[in-house]
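Numbering (my numbering), first residue to last: 3 to 159.
In structure tokens:
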């Protein structure tokens, strides 16, 4: 991967987001993710097809994507293999990738031998809803975290 792959990756991600393929991720998160990739291009690999970026894998960020016009041509499988090599080089025990909850993505993950690890729950409240104010037991004190003082107790908790 090269730092100048960043614009093509971002464009592909934004198009994918517009199609609704990246549930639970907003535009700013995609921009920040690609900026991280661009800052450390040696941690990822890309697939090219006829001189265009077709897909990418970045094990450190659990990320693999194949741009829509290039799907079902074997790029995803090759990127998984490249991701496994990169993950091993980085000292990871396995390649872990975020897989959207869509039938095609799930089927691909299964076909390349990935197994379910965990879920990220998207906790949303309708924008029109008005939640009640928080209520705490009388013996509970709620206060701001005090930097420089509270970290050990916070980490222990």
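Glycine included, every Cβ here is placed at the ideal spot set by N, Cα and C. Remember, predicted model here, so these are calculated numbers, not experimental data.
Note on residue 131: under 16 other CB atoms within 10 angstroms of its CB, so exposed under the neighbour-count rule. C-alpha of residue 127 to C-alpha of residue 25: approximately 15 Å in a straight line. Counting along the chain, residue 131 sits inside no alpha helix (DSSP H), nor does DSSP assign it H or E at all. Scanning the stretch 45-119 from its first residue to its last, the whole alpha helix (DSSP H) runs of 4-plus residues come out as 77-91 and 105-113. If you look at residue 40, you'll find it in the alpha helix (DSSP H) that goes 29-41. DSSP, read as helix, strand or coil, puts residue 138 in coil. With respect to the 8 Å criterion, residue 15 and residue 48 are not classified as neighbours on the basis of their beta carbons. By the Cβ neighbour-count rule, residue 78 is buried, with 16 or more other Cβ atoms within 10 Å of its own. Spanning the alpha carbons of residue 19 and residue 137 requires a straight line of approximately 37 Å. By a beta-carbon distance limit of 8 Å, residue 57 contacts residue 68. Their separation comes to about 4 Å.
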